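Novice: Attaching a single structure in structure tokens format; questions to follow.
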Amino acid sequence: MNKPFLLIFYVFFLTANFVNAQTDDQRAQIISHYDLQKLSELEQQFDKTFIAERANALRLAAINGWKETIEQPNGGVAILVGVFSDGTPKYYQTHNRGAGQTTRADRVHTNGGAELNLNGENMIGGVWDGGRTRATHLLLENRVTQIDNPSSLSSHATHVAGTMIGTGSVIVGIAKGMAPEAELLAYDFLNDESEMAAAAATGLLVSNHSYGLRIENLPLWRIGYYDDNARNLDNIVYNAPYYLPVCSAGNDRRSGQNSGDGGYDYLTDKSVSKNSIIAAAVYQVTNYSGPSSVVMSSFSSWGPTDDGRIKPDISGKGVNTYSSTANTNSSYSSYNGTSMSSPSIAGSLLLLQQHYNNIHGFFMLSSTLRGLALHTADEAGSAPGPDYRFGWGLLNIEKAAEVISNNGNESIIIEEELAQGEVYTFSVQADGVNDLVASLTWTDPAGRSPQAGINDLDTPMLVNDLDLRISDDGGITFYPWKLNPAIPNAAATNGDNTVDNIEKIEIANPSGEYIIRVSHKNVLTNDSQVFSLIVTGINREDFAVTTHQGFQDFCPGQISATCNIDLDFSDGFSDTIDFSVSNLPSGVEAVLTPDTLNSEGTVILTLNNIDALAPGDYQVKVTATGATETVNVYPIIHIVDSQLSGVALTSPANGEMNQPLDMNFTWEDAGMDAEEYDFQLAMDADFTTVIADVTIEENYTAVDNLLENTEYFWRVRATNACGDGEYSDVFNFVTETVVGVDDNMLNELVIYPNPATSVLNIKANSIIDSVEIISVLGKSVIQTVETDSKAQIDTGNLRAGHYFVRIISENRVIVKRFIKR
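Right, here's the structure in full:
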């Protein structure tokens, strides 16, 4: 299909053929929040890349005798889609009524017991798979439309479609799908990313992807690696924030490709993405009675990702799933695989979007839908909290639907935006019966793929690091769950989670009032981050009082501080709300403008005379009182300490000798009031000859191309908006002497081209023993052993920037700089 025509075709197709499905107004409402130009650019970019990579793969297949298609069990297939940088072929392969019972989708169907009558009416899902779906199958009732034109029918694709939307009106309902009255747009998985961007731009909400890279063709370092496919998926979802792809985790745990990690670390490709849901496969659960009810399959791939994120996300039935096949219009079979658990989850999530829209008249953000599924999952595994096998547990659609039904009563579902420096704050009253549970989720900007070729490189892929904290009236702070990728089978603990874009806090036996705060670390990309927050186990409140200024910094000497307090009413509620302030620091006066509201609005809190306060935190209490309810919010003002403590230098230690010419420097964090650091490097102890003078946020930096056999001096001080601290003690070090490099040797050695693109050539007049490529941060990124006077280094996977090539030849060391474009 002609790609520039594709987006126009989708819009026409949806309008012409699904007049009884999601309405034009609903789709327009969804995509009104999107950057359609960006999605169009992504569609075209992905399309161009796929066409080039596929053509190159087919060319090399003809030369090397690679198979273009490999048939697999369960109606599956592996298809050649590209070539890895090391020259090996790149294949996509499929991941081959009990499912509805396991996710509890059957409970929310008509006559299911939950009295919600959710069957997927007027909902459209998407499915990408290994071939054409047999839309004429009795189970599918012609509710599937194939958008592209695959050459052959696929039983795998037809089975997946039946699991998502199969009717309950044939074969006494035993193959009934999750959303039995929904409709599907179907595609094969060739050029999937371009097609996903185009479909998302028309308002598609949920899609299923039961396929991934063929692990047999992968080097070990690619397992758990955040590759371009994961990044591209995150990029699509970030630019289409109502769209949620559901991807299978894979069936590779028994493959032996990563035998050293005890069954863990088997995720690849899209299953390493941040913003999608990754599905694990378990046995059928007919009646959940506790974690032991959920039994892991023998094949489902386990996490973690290389950076330690909690993947897979959630579990569904993937063993002996009975559904339609493509042999005839009435053929069925039982398949195993995460290919089967993934559509059971995707189809179930369509029902939650349907339910939310039925109540509110609009759909959830994908971060809300993802958070809702993970928030309400039933516990699975051997210890409380998430793990790298089951994710957050077993999907429970009935429980998730109850949270939607009770929104504003026993639960809260919030979609908000956090600007740079803000802290979103409010309080809740625990109901004293259920656990108090809060889940924070957000659609994170796409990360940058780490350096290729390094196994288990743990660089975090999280871009905007939000934080969820809950504190009680006794000052105890509760932290979210986190996992340790170094010990993947260890139980989850509570602490500062710096890798996941979901943070979940569970408080057992809660009592009284709790303060919930959402904040962020560092600088937010694009200056803000939209987030979703779900809270359960609380008492009903008819109005809410919140602030985005729950924690603010002020310098000593500032006279006053202001904070906006927002009032929101539940649907149909009206009252006059009086505001008051208590818990003021001594000498501080408060003014509320206005101090009464009889409709939704904002009250401005002004605190005067704060110039007399000593450095520290001061929490004040703002109380909103109605006829029958009282709600509190607790903003904090932080008086910054302008007398910053000295910085302790750590590396290189004072007096170190023989240090490298490309040097890394580190020092201890100077505390919360240190916003930045001034780093200086000089050639004398008085710092009259300063060769590096930088201001940075991190407690580390690097300086390259130092002189050999030279003494240097360095120091650091902490700074903030209120002033500068004192410089640290001065440390000195002496650089190494490069052995035996004379002018003739340097002149005889040639590197080219410079700048380099995909290959760097090295030519010398003597035998080259080894070559090392080093980043400007001093990290070794490529190492090779050579036996000739010529060397050719593959630089195709290096990021653009400056690098050093360190060459050892006949016991002589030569370092030269080059640029990678």
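Note that the sequence shown covers residues -21 to -1, 1 to 800 in mature numbering (1 follows the signal peptide of the UniProt record, and there is no 0).
Even glycine gets a Cβ: it sits at the ideal position worked out from N, Cα and C.
Treat the numbers as computed from the prediction; the structure is a model and nothing was measured.
By Cβ distance, which residues of its chain are closer than 7 Å to Thr668, with the 5 residues on each side in sequence left out?
Specialist: The answer, listed in chain order, is Ala661 and Met662.
Novice: Pro429 by DSSP, collapsed to three states: which one?
Specialist: It is coil, neither helix nor strand.
Novice: If you draw a straight line from the C-alpha of Glu395 to the C-alpha of Tyr403, how long is it?
Specialist: So the alpha carbons of these two residues sit roughly 9 Å apart.
Novice: For Glu195, which residues in the same chain have their Cβ closer than 8 Å to its Cβ, ignoring the five residues on either side in sequence?
Specialist: So the qualifying residues of the chain are Ser234 and Gln236.
Novice: Report buried or exposed for Tyr190, applying the criterion of at least 16 other Cβ atoms within 10 angstroms of its Cβ.
Specialist: Classification for Tyr190: buried.
Novice: Please return the same chain residues whose Cβ sits closer than 7 Å to the Cβ of Asn518, not counting the five positions on each side in sequence.
Specialist: Only Gln408 and Asp410 meet the Cβ criterion.
Novice: Note the first and the last residue of the continuous alpha helix (DSSP H) segment covering Gln86.
Specialist: It is Arg, not Gln, that sits at residue 86 in the sequence shown. Unbroken alpha helix (DSSP H) run through Arg86: Ala84 to Val87.
Novice: Name the DSSP bridge partner or partners of Trp107?
Specialist: According to DSSP, which records beta bridges pairwise, Trp107 is partnered with Tyr166 and His188.
Novice: Please report the distance separating the alpha-carbon of Val185 from that of Ser346.
Specialist: Going from the Cα of Val185 to the Cα of Ser346 covers about 12 Å.
Novice: Buried or exposed: Asn505, going by 16 or more other Cβ atoms within 10 Å of its Cβ?
Specialist: Result: exposed.
Novice: From Phe783, Asn43, Gly141 and Trp200, pick the residue whose C-alpha is nearest to that of Asp435; which is it?
Specialist: Looking at the Cα atoms, Trp200 is the closest of the given residues.
Novice: Looking at the strands, I want to know which residues DSSP matches up with Trp693.
Specialist: DSSP output for Trp693 lists Leu660 and Phe710 as bridge partner(s).
Novice: Determine the extent of the beta strand (DSSP E) in which Arg791 is found, giving its start and end residues.
Specialist: Arg791 to Lys799 is the extent of the beta strand (DSSP E) around Arg791.
Novice: Who are the Cβ neighbours of Ala93 in its own chain at under 7 Å, not counting the five residues just before and after it?
Specialist: Arg86, Val87, Glu377 and Ala380, listed in sequence order.
Novice: Which runs of the alpha helix (DSSP H) fall wholly inside the stretch 191 to 267 and span at least 4 residues, in chain order?
Specialist: If we require 4 residues or more, the alpha helix (DSSP H) runs fully inside the stretch 191 to 267 come out as 207 to 218.
Novice: Short check: CB of Tyr311 to CB of Ala154, under 8 Å?
Specialist: Contact flag set, yes.
Novice: Cα separation between Ile786 and Glu751?
Specialist: Taking the straight line joining both Cα atoms gives about 7 Å.
Novice: Name the two residues that bound the continuous beta strand (DSSP E) containing Asn543.
Specialist: From DSSP, the beta strand (DSSP E) with Asn543 extends over Ser539 to Phe548.
Novice: My assumption, with CB atoms under 8 Å, is that Thr82 sits in contact with Leu374. Please give the rounded CB distance.
Specialist: Rounded, the Cβ-Cβ distance is 5 Å, consistent with contact.
Novice: Excluding sequence positions up to five away, which residues of its chain have a Cβ less than 6 Å from the Cβ of Val713?
Specialist: Closer than 6 Å at Cβ, skipping near neighbours: Met636 and Glu690.
Novice: Between the beta-carbon of Leu163 and the beta-carbon of Ile144, is there less than 8 Å?
Specialist: Cβ atoms of Leu163 and Ile144: closer than 8 Å.
Novice: Look up Val502 in the DSSP assignment and say whether it is helix, strand or coil.
Specialist: Coil.
Novice: Run through DSSP, which three-state label would residue 802 get?
Specialist: The question about residue 802 has no answer here: the residues shown for the chain are numbered -21 through 800.
Novice: At the level of alpha carbons, what is the spacing between Asp26 and Ser173?
Specialist: Their backbone Cα atoms lie some 5 Å apart in a straight line.
Novice: Would you mind stating whether Leu586 and Ala569 have Cβ atoms separated by less than 8 Å?
Specialist: Yes.
Novice: Beta-carbon within less than 6 Å of Ser630's beta-carbon, same chain only, minus the 5 sequence neighbours each way: which residues are those?
Specialist: Answer for Ser630: Thr645, listed in chain order.
Novice: The alpha helix (DSSP H) with Asp3 in it runs from where to where?
Specialist: Unbroken alpha helix (DSSP H) run through Asp3: Asp3 to Ile10.
Novice: Assuming Ser303 and His116 make a contact with CB atoms under 8 Å, what is their CB distance in whole Å?
Specialist: So it is a contact: roughly 5 Å between Cβ atoms.
Novice: Name, in chain order, the residues that DSSP records as bridge partners for Ile393.
Specialist: Ile393 is bridged to Leu512.
Novice: Could you tell me whether the stretch 63 to 75 touches the stretch 221 to 235, using the rule of 3 or more Cβ pairs below 8 Å?
Specialist: The stretch 63 to 75, when compared against the stretch 221 to 235, does touch it at the 8 Å Cβ threshold.
Novice: I'd like to check one pair, Val760 with residue 856: are the Cβ atoms closer than 8 Å?
Specialist: Missing from the structure shown is residue 856; the chain here goes from -21 to 800 and no further.
Novice: Taking only the alpha-carbon atoms, compute the straight-line gap between Ala697 and Val709 and give it to the nearest angstrom.
Specialist: Whole-angstrom Cα-Cα distance: 14 Å.
Novice: Which residues bound the beta strand (DSSP E) around Thr736?
Specialist: Neither: Thr736 is in no beta strand (DSSP E) and is coded neither H nor E.
Novice: Looking at the strands, I want to know which residues DSSP matches up with Gly61.
Specialist: Its beta-bridge partners are Lys69.
Novice: Take Ile730 as the anchor and find which of Asp703, Asn337 and Lys799 has the nearest alpha-carbon.
Specialist: Nearest C-alpha to Ile730: Lys799.
Novice: CB-CB under 7 Å to Gly242, same chain, minus the five flanking residues each way: which ones, in chain order?
Specialist: Cβ neighbours of Gly242 beyond the five flanking positions: Arg232 and Trp281.
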